[in-house]
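Under numbering that gives the first Met the number 0, the residues of the sequence shown are numbered 0 to 149, in order. Glycine residues also receive a C-beta, built at the ideal position from the N, C-alpha and C atoms.
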Amino acid sequence: MLKYYLRNKDFKMTVGVKVDFFWYPIGTGDFFYSFFSTICVNLEYSRWGSKFPILMQELYTGTVSYNNICKAIEEINIVDDELKRIPPNKVVWSFEDRTKMPPWGSNISPDINNLSDYFITCDGKNLISVLKIALNKAELEKVDIEVKSL
Numbered sequence: 000m001l002k003y004y005l006r007n008k009d010f011k012m013t014v015g016v017k018v019d020f021f022w023y024p025i026g027t028g029d030f031f032y033s034f035f036s037t038i039c040v041n042l043e044y045s046r047w048g049s050k051f052p053i054l055m056q057e058l059y060t061g062t063v064s065y066n067n068i069c070k071a072i073e074e075i076n077i078v079d080d081e082l083k084r085i086p087p088n089k090v091v092w093s094f095e096d097r098t099k100m101p102p103w104g105s106n107i108s109p110d111i112n113n114l115s116d117y118f119i120t121c122d123g124k125n126l127i128s129v130l131k132i133a134l135n136k137a138e139l140e141k142v143d144i145e146v147k148s149l
């Protein structure tokens, strides 16, 4: 079904978003998949892409075209606002296997108060903030945004 946005790549590979010549590291594929799984289950009532089609279908599959960047920015802002209302224990590691837990289990930083705070990139930045920066950069540069693996 929804197995990996970069078409059958290894979930353990590092992924990031690319905007023109700018690179924004994220983390492993399964970490990024958890972000989308969490959105789907908690904000879309388990109907992938029903509320956030640009993020959940285009970004997840690897590219948001410049024509849809403004809509993607609107969607990420709504996701951010809505995830702020949900406690961190509602994280979903895998949409397809709800029994899976993050590798760290429930041992998370006390600084994480909600699901908007939960997702921290491999270089210590808030994932939603990184996506906002990348999307705004794509809008400014008038280019697509791509998800790439290393």
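DSSP on residue i, reduced to helix/strand/coil?
{"i": "Phe118", "result": "coil"}
{"i": "Leu1", "result": "Residue confidence for Leu1 is low, a pLDDT of 39 falling below 50, so the modelled location carries little weight; the figure read from the coordinates is stated next. Reduced to three states, the DSSP call for Leu1 is coil."}
{"i": "Ile25", "result": "strand"}
{"i": "Thr37", "result": "helix"}
{"i": "Thr13", "result": "strand"}
{"i": "Met125", "result": "The residue asked about is misnamed: residue 125 is Asn in this sequence, not Met. Here Asn125 sits in strand by DSSP."}
{"i": "Asn7", "result": "At Asn7, the pLDDT of 41 sits below 50, so the modelled position is not reliable and the matter cannot be decided from this model."}
{"i": "Asn76", "result": "helix"}
{"i": "Tyr44", "result": "coil"}
{"i": "Phe94", "result": "coil"}
{"i": "Ile53", "result": "helix"}
{"i": "Lys131", "result": "helix"}
{"i": "Asn88", "result": "helix"}
{"i": "Lys136", "result": "helix"}
{"i": "Ile111", "result": "coil"}
{"i": "Val83", "result": "A quick correction: the sequence has Lys, not Val, at residue 83. The answer is coil: DSSP assigns Lys83 none of H, G, I, E or B."}
{"i": "Lys99", "result": "coil"}
{"i": "Asn67", "result": "helix"}
Is the Cβ-Cβ distance between residue i and residue j less than 9 Å?
{"i": "Tyr23", "j": "Thr120", "result": "yes"}
{"i": "Val146", "j": "Gly15", "result": "yes"}
{"i": "Phe34", "j": "Leu149", "result": "no"}
{"i": "Lys50", "j": "Leu58", "result": "no"}
{"i": "Leu114", "j": "Lys89", "result": "yes"}
{"i": "Ile144", "j": "Ala71", "result": "yes"}
{"i": "Ile75", "j": "Leu54", "result": "yes"}
{"i": "Leu134", "j": "Val63", "result": "yes"}
{"i": "Val40", "j": "Phe118", "result": "no"}
{"i": "Val151", "j": "Asp19", "result": "Any answer about residue 151 is impossible in this case: the structure gives the chain only from 0 up to 149."}
Going by DSSP, name the residue or residues bridged to residue i.
{"i": "Glu145", "result": "Lys17, Thr62"}
If we count the other Cβ atoms within 10 Å of its Cβ and call it buried at 16 or more, is residue i buried or exposed?
{"i": "Asn66", "result": "exposed"}
{"i": "Gly28", "result": "buried"}
{"i": "Tyr44", "result": "exposed"}
Are the region 79 to 95 and the region 106 to 113 touching, with three or more C-beta to C-beta distances below 8 Å? yes
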